[in-house]
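The opening residue of the sequence shown carries number -5 in the numbering used here; numbering runs sequentially from there. For glycine and all other residues, C-beta sits at the position ideal for the given N, C-alpha and C. Everything numeric in this text was worked out from a predicted model, so none of it was measured.
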Amino acid sequence: MSDYRIETKCVQGGYTPGNGEPRQIPIVQSTTFKYATSEDMGKLFDLEASGYFYTRLQNPTNDSVAAKIAELEGGTAAMLTSSGQAASFYAVFNIASCGDHVVSSSTIYGGTYNLFAVTMKRMGIDFTFVSPDCTEEELNAAFRPNTKAVFGETIANPALTVLDIEKFAKAAHDHGVPLIIDNTFATPYGCRPFEWGADIVTHSTTKYMDGHGAAVGGCIVDSGKFDWMAHADKFPGLCTPDDSYHGITYAERFGNEGAYITKATAQLMRDFGSIQSPQNAFYLNLGLESLHVRMKRHCENGLAVAKFLESSDKISWVTYAGLENDKYHALAEKYLPNGTCGVVSFGVKGGRKAAEEFMKKLKLIAIETHVADARSCCLHPASATHRQMNDDELIAAGITPDLVRLSCGLENAQDLIDDIKQALGE
Ligand SMILES: *Cc1c(COP(=O)(O)O)cnc(C)c1O
């Protein structure tokens, strides 16, 4: 599939049926797999032969879908996880452990921020958060001798900042560590971070990849480009024998192309078990088949709605990197030439109360804690996800009391604009 363009990979990547085999990816709804001899199975346990033995570690349905996502991102190996949260956790924990340190962009998904700043901190891993707009000097100053990775989001949820991936990749590589990029909002249709120097990509497939609000899931993809052995002192988990896995040294046995995902599967998935169900992987694949068609429409609708909001005198500000006046427009033109995403955030004149009134009057656009699916939805963080904060605390967290986050779905753009207009009383 590697020579085909991304649209073709969305439809047919990851799975090629043989003669007389099912055209659609089969759902292998089985926890376990049968072998003729114990020796056969022993080889699988020793990672000497490839095959399946227990669905907590690997399943053929999941592997076909993961292979498709690896092709879309241009990576060498990938694995599905039960959620985006599991993907973020595994991606970092696979190379950082107690006593280590990670540099992260400060504008990341709230759930990821909590995972890093609270839960993983409790596990002994320290995070330094830097502004995505920091200078190279500020970025370099965040590194410590025990830094093991750098993390950021292509388009941040919900801040909608666009990351200068090359700047972050250079700093990571100058310090001998990989750059991990959460590419959820951009999707590989919009941006392929490996082409800009990223080493590992994560996704909440719950969002645009599934695209229909049907299945929670996550994915991790390895570019295969990071040279673990060249930095063996930093990554003992990959570069020294794993006693919990028959003394295998992942980087030696599986090379740069396969070491990272094999370790995450054989060790983290074995022990934590956050596997995606084969049924959900099947739904995810249905979403992926139309990803390129849907993303184009999400971006068109997002831009049309953002332009309308920019022109309305009932709106105080709009953030959408596709707008020419947006602070991140130049970075979006560089990294996201096919469009950014369908999510727009804006302020309603009159503050918190006006935002609440506006949302109450919407008819077509539903109030939901979700983004990035076929049906348009919106959220007022000040009265929902962040309601425990007062106005001063909200502003400190970068969320103004008037902020509305709107995820433009696949409906007719004019119908969305008309709904917004009537809710604004225009
Ligand atoms: C939603 C989201 C996550 C978490 O994914 P879940 O599938 O909800 O666990 C991580 N990163 C980003 C950018 C997200 O939008």
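Where do the N-terminal and C-terminal ends of the alpha helix (DSSP H) with L421 fall, by residue?
The displayed coordinates of the chain run from -5 to 420. Any statement about residue 421 would go beyond what the structure contains.
Which complete beta strand (DSSP E) runs does the region 178 to 246 hold, if anything under 3 residues is left out?
Within the region 178 to 246, the complete beta strand (DSSP E) runs of at least 3 residues are 194 to 198, 212 to 216.
Please indicate yes or no: does the CB of Y103 lie closer than 6 Å to some heavy atom of ligand 1?
Correct: Y103 has its Cβ closer than 6 Å to ligand 1.
Is Q270 close to ligand 1? I mean its beta-carbon at under 6 Å from any heavy atom of the ligand.
Checking the Cβ of Q270 against ligand 1 gives no.
Check each candidate in G403, N88, L397 and name the one with the smallest Cα separation from A143.
Residue N88 is the option with its Cα nearest to A143.
Note down the Cα distance separating I448 from I309, rounded to an integer number of angstroms.
Because the chain is modelled from -5 through 420, residue 448 falls outside the range shown and cannot be assessed.
Pick from L358, D396, F220, C335: whose alpha carbon is nearest that of K343?
The residue with the shortest Cα to Cα distance from K343 is D396.
Tell me whether Q79, by its Cβ, gets closer than 6 Å to a heavy atom of ligand 1.
Q79: yes, Cβ under 6 Å from ligand 1.
Following the continuous alpha helix (DSSP H) through C293, name the residue where it begins and the one where it ends.
Here the alpha helix (DSSP H) through C293 covers 285 to 305.
Please indicate yes or no: does the CB of V210 lie closer than 6 Å to some heavy atom of ligand 1?
Yes, Cβ of V210 sits closer than 6 Å to a heavy atom of ligand 1.
Which residue wins for smallest C-alpha separation from A90, given the options A326, P172, T101?
The shortest Cα separation from A90 among A326, P172, T101 belongs to P172.
If you measure between the beta carbons of A368 and V156, is that distance less than 7 Å?
Against a cut-off of 7 Å, the Cβ pair of V156 and A368 comes out as no contact.
Quick one: Cα of K357 to Cα of D413, how far?
So the two alpha carbons sit approximately 6 Å from each other.
Can you tell me whether T122 is helix, strand or coil according to DSSP?
Strand.
Using a Cβ-Cβ cut-off of 6 Å (strictly less than) and excluding sequence neighbours within five positions of H240, which residues of its own chain qualify?
Hits under 6 Å: D40.
Can you check DSSP and say which residues form a bridge with A71?
A71 pairs with D216.
Let me check understanding here. Comparing Cα to Cα, which of S401, G345, Q382, N384 lies closest to L418?
Measuring from the Cα of L418, the nearest candidate turns out to be G345.
What residues match up with R399 in a beta bridge as DSSP calls it?
Bridge partners of R399: S339, L373.
For ligand 1, is there any heavy atom lying closer than 6 Å to the beta carbon of T178?
Flag set: Cβ of T178 near ligand 1.
Below 8 Å on the Cβ atoms is my guess for E251 versus T75; work out the distance and round it to an integer in Å.
E251 to T75, Cβ: 20 Å. No contact.
Mind checking A72: buried by the 16 CB within 10 Å criterion, or exposed?
Classification of A72: buried, given that the 10 Å Cβ count is 16 or more.
Let me check one thing: in DSSP terms, what residues is E147 bridge-paired to?
Beta-bridge pairing links E147 to D176.
State the beta-bridge partners of Y314 as determined by DSSP.
Paired residues: none, contrary to the question.
Pick out whichever of A166, A153, L109, F27 has its Cα sitting closest to the Cα of A135.
The option with the nearest alpha carbon to A135 is A166.
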